[in-house]
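Counted from 1, the sequence shown has number 196 at position 196 by my numbering; the numbering is strictly sequential.
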Amino acid sequence: MLNSRVGTTLLQSLNRRAFSPRPRLSPTLSVRLASARPLRFFSSSPTQDKDNTTTKSPHTKTDWRNMAEQDITKYLRQTHDRVFEHNRCWAADKKAQDPDFFVKLSAGQNPEYLWIGCSDSRIPAEQITGLEPGDAFVHRNIANLVCNTDLNVMSVITYAVEHLKVKHIVVCGHYGCGGVKAAMTAKDLGLLNPWLRNIRDVYRLHEKELDAIKEDDARYDRLVELNVYEQCRNVVKTASVQQSYAKNKFPIVHGWVFGFHDGLLKDLEIDFEGILKDIQKIYNLTEG
Ligand SMILES: [Zn+2]
């Protein structure tokens, strides 16, 4: 299938770019980032150094209850300032690599991809794909949902397709998604209920298949995949995608899932043209 091939080629290309043994950071930036002040926090753990500080990994949980008030204030200042230090290093490195980098960036955007992903902090779209500024228009929300009453995601899709003329729309979920997990839990989650209802609806649509999976983790993984598949269908249901594809043969919609255990993207190889044909029996919006 043409569309599967396009998706696979794109994915292979992105995986190669993102996980090539050759580092994408320039040596200059690597050195600068290494020498930039690391994120430090304060705790009463045995790993304290002489400044009563220690380096914080992204997965380290800070024990706020044991921190003095002035330590919290200092911690907040450091975590704020660190971002600006890294930003200055990044900007200087980009300019060193290409003196016209920011001139080109200022000229406008022409992204190839629209990325619809989860807000989870561990899946930054550009970093895991090796894409550069200007390559991807990005929308993220809890559990990468595409709801037709969500003015935000609908505006993003319309703008990306009709004005930016993106060639690919990627819905990227991830295994271990907290939003999907929450939707599988029989519990009142307050304001999150209407949002997570969309995932519960995905479960209902695929209840037979999911209930046949006896192992909890495998059922959870499969719901993550089915959620991506259903959100792809929701993208295809939009007028902008149907009309653009009828006229231009793009964008193509792809469903991917990211795995924390190996950092790789999995292409669900959704049958874009088959989905389009199927949904147009009811949702045909190609007549302008
Ligand atoms: Zn998630």
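Ideal Cβ positions, reconstructed from N, Cα and C, are used throughout, including at glycine.
Residues with their Cβ less than 6 angstroms from any non-hydrogen atom of ligand 1, running along the chain, are Cys118, Asp120, Ala143, His174, Cys177, Gly178 and Gly179. In terms of Cβ geometry, Leu223 and Leu205 do not form a close pair [threshold 8 angstroms].
Of all C-beta pairs linking the stretch 132-141 to the stretch 106-115, three or more are shorter than 8 angstroms, placing the two stretches in contact. Counting along the chain, the unbroken alpha helix (DSSP H) around Tyr220 starts and ends at Asp216 to Val236.
The Cβ-Cβ distance between Leu196 and Ala183 falls below 8 angstroms.
For Lys266, the three-state secondary structure derived from DSSP is strand. Thr129 counts as buried, since at least 16 other C-beta atoms from the protein chains shown sit within 10 angstroms of its C-beta.
A check of alpha carbon separations from Phe260 across Lys208, Gly274, Ile123 and Arg65 identifies Ile123 as the nearest. Contiguous alpha helix (DSSP H) elements confined to the stretch 80-141 occur at 101-107 and 125-129, taking only those with 4 or more residues. The C-alpha of Gly173 lies about 33 angstroms from the C-alpha of Ala92. Going by DSSP, Gly179 is part of the alpha helix (DSSP H) stretching over Gly178 to Ala183. The three-state reading of DSSP puts Gly274 in helix, counting H, G and I together. With distances taken between CA atoms, His168 lies nearest to Trp256 out of Leu145, Glu230, Ile199 and Trp256. Across the set Ala218, Gln243, Cys89 and Arg77, the C-alpha of Ala218 shows the shortest separation from the C-alpha of Lys181.
Between the stretch 234-254 and the stretch 276-287 there are three or more C-beta pairs closer than 8 angstroms, enough to call the two in contact. Around the Cβ of Gly179, a 10 Å sphere holds 16 or more other Cβ atoms; the residue is buried. Counted as a single uninterrupted DSSP element, the stretch harbouring Trp64 is not any alpha helix (DSSP H), since DSSP gives it neither H nor E.
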